[in-house]
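Residue numbers (this note's numbering): 806 to 1020. Glycine included, each C-beta is placed from N, C-alpha and C at the ideal position. Computed from a predicted model, the values in this text were never measured in an experiment. Read through the structure below, which is laid out as structure tokens, and then see the notes.
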Amino acid sequence: MGTIKQGILGGFSGKVGTVIGSSWKGISYMRGQAQHVKNPRSAGQVNQRTKFALVLSFLQPVVPYIRIGFKSQAAKQTEFNAAMSYTIKNAVTGSYPSYALDFTKIIVSKGGLTPVTGASASWAAATQKITVSWTDNSGVGNALATDKAMPFIYNKTKGETIYDTAGATRATHTQDLIVPNDWVGDKVEVYLGMVSDDGKEVADSIYLGEKTLSE
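Here it is as structure tokens:
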């Protein structure tokens, strides 16, 4: 119980509800009671932190891409947080402690722009290029010939990524990406998003599959 020392307008010492009164060098002050967290490392918290760390390792190196790819999802949150939330909810598989990313369910861009159709990816060892191709579907929905490709290639062996946020136009229907020399022999996951020429609209990315970059 708190004790008032100098009348109703004076300071007090002790505890009243969740407020603690005290004094320091003759100055009266009040502070809130410290909150105690029960079991800060509960099973649920550990599970969520493990998933968070897994997704963070995938998304953190590609923040510039995510800022464009998830810009339309950033209502009351950042683009990065929107991507984190989506990926944790939809693309994490397994059980603690062996969580993994389901690359078939990952999207690296999300929005209302009409995506391309007939998209595919191929690898040419002689030139060390991955070629991403698609059908020009300009005029379908809100698709325009001037929309730009956003190819995204993730090296799952090395945990590295190459991408383009303003690539070939939708009308061009193909784009080459040269991979680093030390990627040869690795496995990569390929995605293709689209962004309007003014950067205001993005399309849901399309998963183009896993490729082995054989010699």
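- Asn960 and Ser1019 have their alpha carbons spaced roughly 13 angstroms apart.
- The beta carbon of Asp1009 sits closer than 8 angstroms to the beta carbons of Ile912, Ser914, Lys915, Gly916, Pro920, Gly998 from its chain, once the five residues preceding and following it are set aside; these are given in chain order.
- In this model, Ala924 and Asp907 are separated by some 20 angstroms (Cα to Cα).
- In this structure Pro956 is not in contact with Val984, their Cβ atoms being roughly 12 angstroms apart against a cut-off of 8 angstroms.
- Of the other Cβ atoms in all chains shown, 16 or more fall within 10 Å of the Cβ of Gly972; this residue is therefore buried.
- When beta bridges are read from the DSSP output, Phe957 appears opposite Tyr968, Tyr996.
- Counting only residues of its own chain and dropping the five nearest sequence neighbours on each side, Phe863 has a CB closer than 7 angstroms to the CB of Leu906.
- Just so you know, the alpha carbons of Glu1015 and Gly849 end up roughly 32 angstroms apart.
- Lys876 sits close to Val1007, with the two beta carbons spaced by under 8 angstroms.
- Residue pairing by DSSP places Thr974 opposite Lys953 in a beta bridge.
- In this structure, Asp941 places its C-beta atom within 8 angstroms of the C-beta atom of Ala976.
- Assigned with DSSP and collapsed to three states, Glu1015 falls in strand.
- Taking each of Asp981, Trp939, Leu918 in turn and checking the Cα distance to Ile873, the smallest one comes out for Leu918.
- Annotated as proximal: Tyr901 and Asn852, with beta-carbon spacing under 8 angstroms.
- Selection Asn947, Met889, Gln933, Asp987 evaluated against Phe857 yields Met889 as nearest (Cα-Cα).
- Spatial neighbours of Glu884 in its own chain (CB-CB distance under 6 angstroms, excluding positions within 5 residues in sequence) are listed in chain order as Ile871, Arg872, Phe875, Lys876.
- Leaving aside the five residues that flank Leu859 on each side, the residues in its chain whose CB is nearer than 7 angstroms to its CB run, in chain order, Val897, Tyr904, Leu906.
- Judged by DSSP in its simplified three-state form, Ile911 adopts coil rather than helix or strand.
- Nearest Cα to Gln865 within the set Asp991, Ala880, Gln878, Ala887: Ala887.
- For a cut-off of 8 angstroms, the C-beta gap from Lys934 to Leu982 is around 7 angstroms, short enough to register as a contact.
- Excluding five sequence positions before and after Asn986, the CB atoms of its chain that fall closer than 8 angstroms to its own CB belong to Gln933, given in chain order.
- Only exposed fits Thr922, as fewer than 16 other CB atoms lie within 10 angstroms of its CB.
- With distances taken between CA atoms, Thr970 lies nearest to Lys953 out of Glu994, Lys953, Gly964, Lys963.
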